[in-house]
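Structure, as structure tokens:
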Ligand SMILES: [Zn+2]
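In UniProt numbering, the protein residues as written are 1 to 231.
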């Protein structure tokens, strides 16, 4: 199956992307480090939780700044090709990634399902602050409040507007391309259930996934798969 042919034939495309799209840009998947922790409070599921942010803000800050931010990372061929489709066809990107790389690739119509590390605000006064300030200190100079990135933490709810916009886009798509995600994180993983039964679903992943029966799988490296799509 030729991905390029499917992409050019489709009328409305949705790209669903996850961590695997950013690994070629040098951003490791923090979830893939699982299983090697001495205790639960060292697990990313705790360090990226609302509880940790509230009760151990220094610990939260340290993890996020040291493990999550890659401000020098650049979009790769996958981001670039998807961006092209958002500009030249009716295509929407819904991403689990919080690294801002689809935006850096100047894609249009991006839904950052879990928010972005590059939007930071003060929890006390609500003011927006440049992420560079946050990388220097978690304290808001203006009011002494604690800053945080606008990402959805464990135990936090996704904005219903984001969910609704995503479900709408999926339900209207005739081609859904799942890339770099094993679709294990809910509610993101549940988005596919909104797909029209006639829509084509193509998953590009290094490992085979559990997907609806009508989905086609390309078990391959996503970067080389997208590099082969000539635009
Ligand atoms: Zn403040």
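Beta carbons are placed, not taken as given, at the ideal position from N, Cα and C, and that holds for glycine.
Query                                                                                                  : Result
Any 3 or more C-beta pairs closer than 8 Å across the region 42 to 57 and the region 176 to 189        : no
Three-way DSSP call (helix, strand, coil) for residue 6 in this model                                  : helix
Residue closest to residue 114, alpha-carbon to alpha-carbon, out of 141, 156, 90                      : 156
Per DSSP, cross-strand counterpart(s) of residue 242                                                   : Coverage of the chain is limited to positions 1 through 231, which leaves residue 242 absent and any answer about it impossible.
Distance, residue 77 Cα to residue 158 Cα                                                              : 29 Å
Inter-residue CB distance, residue 202 and residue 195 (contact presumed, cutoff 8 Å)                  : Not confirmed; about 12 Å, so no contact.
Unbroken stretches of the alpha helix (DSSP H), 4 residues or longer, contained in the region 17 to 87 : 44 to 47, 50 to 55, 57 to 63
Under the three-state DSSP convention, the category residue 92 falls into                              : strand
Supposed contact pair residue 112 and residue 86 - C-beta distance, whole angstroms, cut 8 Å           : Rounded, the Cβ-Cβ distance is 14 Å, inconsistent with contact.
heavy atom of ligand 1 below 8 Å from residue 124 C-beta                                               : yes
Proximity test, residue 79 beta-carbon vs ligand 1 heavy atom, cut-off 8 Å                             : no
Residue 82 versus residue 184 - alpha carbon distance                                                  : 22 Å
Straight-line gap, residue 21 to residue 117 (C-alpha atoms, nearest Å)                                : 16 Å
Contacting residues, own chain, Cβ-Cβ under 7 Å from residue 61 (five flanking each side not counted)  : 138
Inter-residue spacing [alpha-carbon to alpha-carbon] between residue 162 and residue 148               : 20 Å
7 Å Cβ shell around residue 34 - same chain, five flanking residues per side excluded                  : Only weak support exists for where residue 34 lies, its pLDDT of 48 falling under 50; the value from the coordinates is given anyway. Here the set comprises nothing.
DSSP-derived helix/strand/coil call for residue 97                                                     : coil
Boundaries of the beta strand (DSSP E) in which residue 217 is found, first to last residue            : 215 to 219
Alpha-carbon spacing of residue 193 relative to residue 165, whole angstroms                           : 14 Å
Residue(s) in a DSSP beta bridge with residue 115                                                      : 151
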